[in-house]
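Q:
Residue numbers (my numbering): 817 to 1204.
1. State the Cα-Cα distance for the pair residue 1115 and residue 1171, rounded to the nearest angstrom.
2. Beta carbon of residue 879, beta carbon of residue 898: below 9 Å?
3. Could you compute how far the alpha carbon of residue 1159 sits from the alpha carbon of residue 1201?
4. With distances taken from CA atoms, which of 1154, 1182, 1005 and 1061 is nearest residue 1190?
5. Are there 16 or more other CB atoms within 10 angstroms of the CB of residue 1010, so buried, or fewer, so exposed?
6. Report yes if the CB atom of residue 1049 is closer than 9 Å to the CB atom of residue 1103, and no otherwise.
7. Should the region 980-998 be called in touch with the region 922-933, which here means at least 3 C-beta pairs below 8 Å?
8. Can you give me the C-alpha to C-alpha distance between residue 1122 and residue 1150, rounded to a whole angstrom?
9. What span of residues does the beta strand (DSSP E) with residue 956 cover, start to end?
10. I need the straight-line Cα distance from residue 1147 to residue 1163, nearest angstrom please.
11. Between which residues of its own chain and residue 1129 is the CB-CB distance below 7 Å, once the five residues before and five after are set aside?
12. When the Cα of residue 1024 is compared with those of 922, 981, 952 and 1086, which residue comes out closest?
13. Report buried or exposed for residue 1125, applying the criterion of at least 16 other Cβ atoms within 10 angstroms of its Cβ.
14. What residue range does the alpha helix (DSSP H) around residue 1171 cover?
15. Identify the residues that DSSP records as bridge partners of residue 1187: which are they?
16. With distance defined between alpha-carbon atoms, name the residue in 1157, 1198 and 1165 nearest to residue 1192.
17. Could you pull the DSSP bridge partners for residue 1063 from this structure?
18. Near residue 962, which residues of its chain fall below 8 Å by C-beta distance, leaving aside the five closest residues on each side in sequence?
19. So does the region 1000-1007 actually touch the region 1046-1065, counting three or more Cβ pairs closer than 8 Å?
20. Can you tell me whether residue 1012 is buried or exposed, with buried defined as 16 or more other CB within 10 angstroms of its CB?
21. For the alpha helix (DSSP H) that residue 985 lies in, which residues bound it at each end?
22. Going by other Cβ atoms of all chains shown within 10 Å of its Cβ, with 16 needed for buried, is residue 964 buried or exposed?
23. With a threshold of 7 Å on Cβ separation, who are the neighbours of residue 889 within its own chain once the five nearest residues in sequence on each side are excluded?
24. Is it right to say residue 1036 is buried, meaning 16 or more other beta carbons lie within 10 angstroms of its own, or is it exposed?
25. What does DSSP give as the partner residues of residue 1119 in its beta bridges?
26. Please go through the same chain and pick out, in chain order, the residues whose beta-carbon is closer than 8 Å to the beta-carbon of residue 910, but skip the five residues on each side of it.
27. Can you check whether the CB of residue 1067 is closer than 9 Å to the CB of residue 922?
28. Which residues in the same chain have their Cβ closer than 7 Å to the Cβ of residue 1094, if we skip the five residues on either side of it in sequence?
29. Would DSSP call residue 1000 helix, strand or coil?
30. Apart from the five residues on each side of it in sequence, which residues of its chain come closer than 7 Å, Cβ to Cβ, to residue 978?
31. Measure the CB-CB distance between residue 1106 and residue 1131 and report whether it falls below 9 Å.
32. Is it the case that the Cβ atoms of residue 1018 and residue 1046 are separated by a distance below 9 Å?
33. CB-CB under 6 Å to residue 1194, same chain, minus the five flanking residues each way: which ones, in chain order?
34. Just reading off the alpha helix (DSSP H) that residue 904 is part of, what are its end residues?
35. Check residue 771 in the structure and name its three-state DSSP category.
36. In angstroms with no decimal places, state the Cα-to-Cα distance between residue 993 and residue 1083.
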């Protein structure tokens, strides 16, 4: 009988594939572990780098604020004012009462001229005391002048007459016109009237703001203000708002009482004319036109059918043009619309009052005026505002 040749058995293919698969999975697992460790190491490195960078940013910002405080601090003073007022007594009769107010000021020159807010130095102020940043108390201080209570610029000037041998450090004034929303600022002042040279920081949150500031007894309309979230507390009034170059770009003036960290400051450019007047003549001279006007808004333009939506409209009626004023001498008329002073457009960010504060008494300015629908240029020589 013939035999069948049966080949010797070989390793079956499924079993070989299974063995190779196990080896492959082991290799993949080892590679994945290595890659995971590498990625984890890099992630941790990136995290550490990011944290280091954040620490450097925080450290750099704190160093900047510290540097600004050191630069500007010697130019900031605390002010205490004693004044006389009257209050009804138990029987309803008025009797004299002595009251104290506190604020902050900025040294403008080595002779001891200081700028502050008008409301820091009440009308008829008695004695004024200035405390320097090193704690030196100077009690021989004169009031050079203050803007009128109806003026939208809340400004007053003082002069130290006895420096007690101290060398005063004037502050550097910057160009507030270059500030933009989001720019870093620092506020320095006598917080709450008892914490001297308190430093807070923030940004410019807005500009061209108009607010009504005051209390139950009096109020004032303030225009063209910076808004900042740098904390401005009671007693900070009259202190500096400073840019990152340690330059004063604003005069801290008001705070929103029903909000958190909403403060307002007068742009320094709006009081440059007043500062120059005081430093050059020793007197507070406020340049003025002598017109009664309203700032035009969209609603006002629509209501009175005006040809433009921005500008200053000289309101018709008695007192529209002050008799003998620069406006009358230049030929301005009621119903004129002033759209520009020199190259500055009159709008919600630049009122006539704030723009005039940038000039000096005696300066000649060119007004762009709309009269009967036609534009014309009128040159006006600015004079000092009457004291009344």
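Think of the CB as a built atom: it goes at the ideal place given N, C-alpha and C, for glycine as much as any other residue. Since the model is a prediction, treat every value here as computed from it, not as a measurement.
A: Taking the structure as given:
1. Numbered from 1 along the chain shown, position 299 holds the residue referred to as residue 1115. Numbered from 1 along the chain shown, position 355 holds the residue referred to as residue 1171. Each residue's Cα considered, the two are about 23 Å apart.
2. As a first step, residue 879 must be located in the chain shown, where it is residue number 63. As a first step, residue 898 must be located in the chain shown, where it is residue number 82. The answer is no: Cβ separation not under 9 Å.
3. As a position in the chain shown, residue 1159 is number 343, starting the count at 1. As a position in the chain shown, residue 1201 is number 385, starting the count at 1. Roughly 23 Å between the two C-alpha positions.
4. Here the question's residue 1190 lines up with position 374 in the chain shown. Comparing Cα-Cα distances from residue 1190 to each of 1154, 1182, 1005 and 1061, the minimum goes to 1154.
5. Residue mapping note: residue 1010 aligns to position 194 of the chain shown, counting from 1. By the neighbour-count rule (16 or more Cβ atoms within 10 Å), residue 1010 is not buried but exposed.
6. On the chain shown, position 233 is the one that residue 1049 refers to. On the chain shown, position 287 is the one that residue 1103 refers to. Not closer than 9 Å, so no.
7. yes
8. Taking the chain shown and counting its residues from 1, the one referred to as residue 1122 is at position 306. Taking the chain shown and counting its residues from 1, the one referred to as residue 1150 is at position 334. For residue 1122 and residue 1150, the distance between alpha carbons rounds to 14 Å.
9. The residue given as residue 956 occupies position 140 in the chain shown. That residue, residue 956, is in no beta strand (DSSP E); it is neither H nor E in DSSP.
10. Sequence index remark: in the chain shown, residue 1147 carries index 331 (1-based). Sequence index remark: in the chain shown, residue 1163 carries index 347 (1-based). Going from the Cα of residue 1147 to the Cα of residue 1163 covers about 23 Å.
11. Taking the chain shown and counting its residues from 1, the one referred to as residue 1129 is at position 313. 1109, 1110, 1112, 1122 and 1153.
12. The residue you call residue 1024 lines up with position 208 of the chain shown. Here the closest residue by C-alpha is 1086.
13. Translated into positions along the chain shown, residue 1125 becomes position 309. The residue in question, residue 1125, is exposed, as its Cβ has fewer than 16 Cβ neighbours within 10 Å.
14. Taking the first residue of the chain shown as position 1, residue 1171 is located at position 355. Per DSSP, residue 1171 belongs to the alpha helix (DSSP H) from 1168-1172.
15. Counting from one through the chain shown, the residue named residue 1187 turns up at place 371. Partner(s): 1190.
16. Looking up residue 1192 in the chain shown gives position 376. Answer by Cα proximity: 1157.
17. Stepping through the chain shown from its first residue, residue 1063 is reached at position 247. According to DSSP, which records beta bridges pairwise, residue 1063 is partnered with nothing at all.
18. Position 146 of the chain shown, counted from the start, is the residue given in the question as residue 962. These residues qualify, in order along the chain: 934, 937, 939, 971, 972, 973 and 1100.
19. yes
20. Taking the chain shown and counting its residues from 1, one reaches residue 1012 at position 196. The residue is buried, with at least 16 neighbouring Cβ atoms inside 10 Å.
21. Within the chain shown, numbered from 1, the residue matching residue 985 stands at position 169. Premise fails: residue 985 is in no alpha helix (DSSP H) and is neither H nor E.
22. Taking the first residue of the chain shown as position 1, residue 964 is located at position 148. By the 10 Å Cβ count, residue 964 comes out exposed.
23. Working through the chain shown from its first residue, we reach residue 889 at position 73. Around residue 889: 949, 1004 and 1013.
24. If you number the chain shown from 1, residue 1036 lands on position 220. So residue 1036 counts as buried.
25. Mapped onto the chain shown, residue 1119 falls at position 303. Paired residues: none, contrary to the question.
26. Position 94 of the chain shown, counted from the start, is the residue given in the question as residue 910. Excluding sequence neighbours, residue 910 sits near 902, 903 and 904.
27. On the chain shown, position 106 is the one that residue 922 refers to. On the chain shown, position 251 is the one that residue 1067 refers to. Result yes, Cβ atoms of residue 922 and residue 1067 sit closer than 9 Å.
28. Against the chain shown, residue 1094 aligns to sequence position 278. Excluding positions up to five away in sequence, the list reads 929, 960, 973 and 1100.
29. Residue numbering aside, residue 1000 sits at position 184 when the chain shown is read from its first letter. Reduced to three states, the DSSP call for residue 1000 is strand.
30. On the chain shown, position 162 is the one that residue 978 refers to. Contacts found: 954 and 956.
31. Start at 1 with the first residue of the chain shown, and residue 1106 comes out as number 290. Start at 1 with the first residue of the chain shown, and residue 1131 comes out as number 315. In this structure, residue 1131 does not lie closer than 9 Å to residue 1106 by Cβ.
32. The residue given as residue 1018 occupies position 202 in the chain shown. The residue given as residue 1046 occupies position 230 in the chain shown. Yes.
33. Within the chain shown, numbered from 1, the residue matching residue 1194 stands at position 378. Contacts found: 1146, 1183 and 1185.
34. Position 88 of the chain shown, counting from 1, holds the residue named residue 904. That residue, residue 904, is in no alpha helix (DSSP H); its beta strand (DSSP E) goes 892-904.
35. The question about residue 771 has no answer, for the chain in this structure spans 817 to 1204.
36. Walking along the chain shown from the start, residue 993 turns up at place 177. Walking along the chain shown from the start, residue 1083 turns up at place 267. Whole-angstrom Cα-Cα distance: 8 Å.
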